[in-house]
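What follows is a short report on a single structure.
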Amino acid sequence: MSLLDLHIDHIVRLHQNTQPFVSNIQHQRLDRPTIDAQVKAAIAACPDTSATHWEIFLRHELVEVAANEGDAVQRNASAYYDALCNMLDFILTATEHGVCDDVVIWAALEDLLRVQTVETCSHIFSWIEARAARLTVVRSRPVATALSSLTWS
Numbered sequence: 001m002s003l004l005d006l007h008i009d010h011i012v013r014l015h016q017n018t019q020p021f022v023s024n025i026q027h028q029r030l031d032r033p034t035i036d037a038q039v040k041a042a043i044a045a046c047p048d049t050s051a052t053h054w055e056i057f058l059r060h061e062l063v064e065v066a067a068n069e070g071d072a073v074q075r076n077a078s079a080y081y082d083a084l085c086n087m088l089d090f091i092l093t094a095t096e097h098g099v100c101d102d103v104v105i106w107a108a109l110e111d112l113l114r115v116q117t118v119e120t121c122s123h124i125f126s127w128i129e130a131r132a133a134r135l136t137v138v139r140s141r142p143v144a145t146a147l148s149s150l151t152w153s
């Protein structure tokens with residue numbers, strides 16, 4: 001098996017082990033214990049998955065949700081915002097469990113704020129405010145360092 005095949009295998013296993021969660025994020029706002037349980041289950045199912053594989057997987061899943069903003073907001077804005085917040089919560093929880101670097105959540109937020117509508121950005125800022133205590137916890141490096149790595153244009 002080539003190195004590329006190994007990388008793909010890790011990401012595919014993450015996807016397979018989180019599919020129930022990813023399918024459910026569209027249907028309702030999930031609470032913290034539910035998301036925490038999903039992250040723990042994915043970690044247990046894929047214990048040898050690197051931080052890089054987690055980051056690729058998490059950012060891909062977030063893009064899958066965010067890419068549908070235009071149509072999703074017109075069909076059911078509330079469901080779209082719930083799905084987006086669920087995915088952000090999943091990324092934050094994965095970061096809290098140490099499976100990826102702290103900067104992943106900040107990079108994901110930066111990416112979203114660059115491409116989403118003002119209305120959606122308002123929801124993202126509300127999400128940030130509601131999770132300020134969790135976002136500012138020092139884990140692997142100071143938050144100031146993580147924040148300084150963001151480039152706002």
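Reading the sequence shown from the start, the letters are residues 1 to 153 in UniProt numbering.
The beta-carbon is built from N, C-alpha and C at its ideal position, and this holds for glycine as well.
Nothing here was measured: the structure is a model prediction, and the numbers come from that model.
Compare the Cα-Cα distances from residue i to each of the options and report the closest residue.
i           : options                       : result
LEU135      : THR117, VAL118, ASP102        : ASP102
ILE105      : PHE57, THR34, VAL73           : PHE57
ASP111      : ILE128, TYR80, ARG29, LEU62   : LEU62
MET9        : ASN68, HIS53, ASP36, ARG29    : Per the sequence presented here, residue 9 reads as Asp, with Met not at that position. The shortest C-alpha separation from ASP9 is found at HIS53.
ALA66       : VAL137, ILE11, SER122, VAL115 : VAL115
residue 198 : SER122, VAL137, GLY98         : The requested residue 198 is not part of the displayed model; the chain covers only 1 to 153.
VAL137      : CYS121, THR120, GLU96, SER122 : GLU96
Measure the C-alpha to C-alpha separation of residue i and residue j and round it to an integer number of angstroms.
i      : j      : result
ARG13  : ALA41  : 12 angstroms
ASP36  : ARG59  : 18 angstroms
ASN86  : GLU64  : 13 angstroms
VAL143 : ALA132 : Interpretation of VAL143 is limited by its pLDDT of 48, a score under 50 that renders its predicted location unreliable; no figure is taken from the coordinates.
VAL118 : ALA45  : 38 angstroms
ARG75  : LEU113 : 21 angstroms
SER153 : ARG29  : Reliability of the predicted coordinates at SER153 is poor, the pLDDT of 49 falling under 50, and the value obtained from them is presented with this limitation in mind. The straight-line gap from Cα to Cα measures roughly 31 angstroms.
Ignore the nearest five residues each way along the sequence and tell me which others in residue i's own chain have a CB closer than 8 angstroms to its CB.
i     : result
ASN68 : TYR80
Can you list, in chain order, the residues of its chain whose CB lies under 6 angstroms from that of residue i, leaving out five sequence neighbours each side?
i     : result
ASP89 : ILE35
THR18 : ALA42
ALA72 : TYR80
ILE91 : LEU58, ILE105, ALA108
Going along the chain, which residues of its own chain have a beta-carbon closer than 7 angstroms to the beta-carbon of residue i, five neighbours each way excluded?
i     : result
ALA94 : VAL39, TRP54, LEU58, CYS100
Problem - Touching by the beta-carbon criterion (3+ pairs, under 8 angstroms), the region 117-132 and the region 70-81 - result: yes
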